[in-house]
Each structure stands twice: as C-alpha cells, then as structure tokens.
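S.K.:
Residue numbers (this note's numbering): 5 to 205.
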C-alpha cells in the first residue's frame, strides 16, 4: 500500500557549519574522523498502510565513517511513546526503510541497526528555532543562521541536497547531547540543518 508522511525536520551533526557530507551528496568527507548525527522528525500529517501517524515524532541517531558513502553506518530509532503499537510499527517501517522511500535508498549504507526504543519525545519548531528532547537519550536545540548582511533575514539556505529534503536551512546547535544505543556525544556549537519534508512511496 502507498504511504506518505510530511512535516518538519531538523538535524545536528559534529561537522562545522556547513556539513560537507550533505552538501556533497556524501562524496566529501566529514570534518571529523566519524560522523555523529541526530535527526528529528515531526509528522504533521501522514498515513502508513491505513494507519494515521499524524502528530507523532521520530528521531534517528547515527554514527558513520567520515566518508559516509563508504557505508558501515550504525543507526538507531527513537519512537514517540504517544504512538499506539500500530502507529509505532508503521513509523519504524518508514524510518527504518522497510517500506521504500528515502530511508530504503540509504539502506545499502547501513551496516548495523542498533534497534528502536519508545520514549517520551518533546518536539518544538517556531520556524527558526528547533528543539527536541527524548527521555534521557537526547537533548538537541538548533537555530537557523541569518546573515547580518542579509536585509531580508530569510536565512542561509542550501539547495539541491535531496535528502531529507531538497532545500535545507543551515544553522548551529546550542544543545547537542546524545546518549543512546551505545552512541554518546555532545555536538553543541556544531552544524544543523532544518526543513519541511514530504516523503512517500
């Protein structure tokens, strides 16, 4: 059956602004020996195999080599405890790549799925500032960057990226703590991206 999810997303990684991995289609290495990233998604509206998943949140936590196209990624899923069993299964299948779409396209790069856990997730997005807190596992807050030389105050955008959306707003994180699935780091002060997203398959 066809599915679709759309809403807003943001991420924080340990690259300096602006992350070369995303902006090169994974052909340029990260700024550090390992790429440590957390991606947070809020699904405004969505349906997966007849299951309504609107209003729920998902986070992806990952560790990858500096040149991400080499593969061997370790990924883990954090699912919204507000989801029913059916909703959690539907979201895990979409964001785990089992139902096609963008995450399936990345599947060949994943060497280890560290699992999934259900936790309380608090997600906020006011257009320029984005924050997510997931139990004791994750606390990330980012802000899109606005150039002081830009009178329009529209912010710095990077286009032609493709995943998880075509155009991303670039920014930096004020918080970037992750400690889950054997992955632990603090990426405060490092790169962030944010964007509306719409996936389907």
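Note that beta-carbon positions come from the ideal geometry of N, C-alpha and C, so glycine has one too.
Please classify residue 107: is it buried, with 16 or more other beta-carbons within 10 angstroms of its beta-carbon, or exposed?
M.R.: As a working note, residue 107 is residue 103 in the chain shown. That one is buried.
S.K.: At 3 residues or longer, and completely inside the segment 122–164: list those beta strand (DSSP E) runs for me, N to C.
M.R.: Listed in chain order, they are 125–129, 133–138, 142–148.
S.K.: State the start and end residues of the unbroken beta strand (DSSP E) segment that holds residue 49.
M.R.: Walking along the chain shown from the start, residue 49 turns up at place 45. Note, residue 49: beta strand (DSSP E), 38–52.
S.K.: Can you name the start and end residues of the beta strand (DSSP E) that residue 168 belongs to?
M.R.: In the chain shown, the residue the question calls residue 168 occupies position 164. From DSSP, residue 168 is part of no beta strand (DSSP E); its letter is neither H nor E.
S.K.: Once the 5 residues before and after residue 20 are set aside, which same chain residues still bring their CB inside 7 angstroms of it?
M.R.: The residue labelled residue 20 in the question sits at position 16 within the chain shown. Result list for residue 20: 35, 194, 195, in chain order.
S.K.: Which residues does DSSP list as the beta-bridge partners of residue 187?
M.R.: Mapped onto the chain shown, residue 187 falls at position 183. Note: residue 187 sits in a beta bridge opposite 184.
S.K.: Would you mind giving the Cβ-Cβ distance between residue 145 and residue 178, rounded to the nearest angstrom? I have them listed as a contact below 8 angstroms.
M.R.: Here residue 145 corresponds to residue number 141 of the chain shown, with the count starting at 1. Here residue 178 corresponds to residue number 174 of the chain shown, with the count starting at 1. With 8 angstroms as the limit, residue 145 and residue 178 qualify as a contact, their Cβ atoms being about 5 angstroms apart.
S.K.: In this structure, does DSSP put residue 83 in helix, strand or coil?
M.R.: In the chain shown, the residue the question calls residue 83 occupies position 79. DSSP places residue 83 in strand when its eight states are reduced to three.
S.K.: Taking Cβ to Cβ, would you say residue 203 is nearer than 8 angstroms to residue 59?
M.R.: Reading the chain shown from its first residue, position 199 is the one you call residue 203. Reading the chain shown from its first residue, position 55 is the one you call residue 59. No.
S.K.: For residue 153 and residue 118, what's the separation of their Cα atoms in angstroms?
M.R.: Within the chain shown, the letter at position 149 stands for residue 153. Within the chain shown, the letter at position 114 stands for residue 118. The straight-line gap from Cα to Cα measures roughly 43 angstroms.
S.K.: Would a C-beta distance cut-off of 8 angstroms place residue 95 and residue 110 closer than the cut-off?
M.R.: Here residue 95 corresponds to residue number 91 of the chain shown, with the count starting at 1. Here residue 110 corresponds to residue number 106 of the chain shown, with the count starting at 1. Cβ distance not < 8 angstroms, so residue 95 and residue 110 don't count as in contact.
S.K.: Whose CA, out of 41, 31, 26, 46, lies closest to the CA of residue 11?
M.R.: By one-based count along the chain shown, residue 11 stands at place 7. Of the candidates 41, 31, 26, 46, the one whose C-alpha sits nearest the C-alpha of residue 11 is 46.
S.K.: If the criterion is Cβ atoms closer than 8 angstroms, does the pair residue 68 and residue 77 meet it?
M.R.: Within the chain shown, residue 68 is the residue found at index 64, counting from 1. Within the chain shown, residue 77 is the residue found at index 73, counting from 1. Their beta carbons are under 8 angstroms apart, which means residue 68 touches residue 77 by this criterion.
S.K.: Would you say residue 13 lies against chain D (beta-carbon separation less than 8 angstroms)?
M.R.: Of the chains in the structure shown, none is chain D; there is only one protein chain.
S.K.: Taking residue 26 as part of the beta strand (DSSP E), name the residues at either end of that continuous run.
M.R.: Residue numbering aside, residue 26 sits at position 22 when the chain shown is read from its first letter. Per DSSP, residue 26 belongs to no beta strand (DSSP E); it is in the alpha helix (DSSP H), 24–27.
S.K.: Using the three-state DSSP reduction, which class does residue 173 fall into: helix, strand or coil?
M.R.: Taking the chain shown and counting its residues from 1, one reaches residue 173 at position 169. Here residue 173 sits in strand by DSSP.
S.K.: Going by Cα to Cα distance, which pick from 53, 32, 65 is closest to residue 16?
M.R.: Position 12 of the chain shown, counting from 1, holds the residue named residue 16. Among 53, 32, 65, the Cα nearest to that of residue 16 belongs to 65.
S.K.: Whole-angstrom Cβ separation of residue 176 and residue 197, contact assumed at under 8 angstroms?
M.R.: Numbered from 1 along the chain shown, position 172 holds the residue referred to as residue 176. Numbered from 1 along the chain shown, position 193 holds the residue referred to as residue 197. So it is not a contact: roughly 10 angstroms between Cβ atoms.
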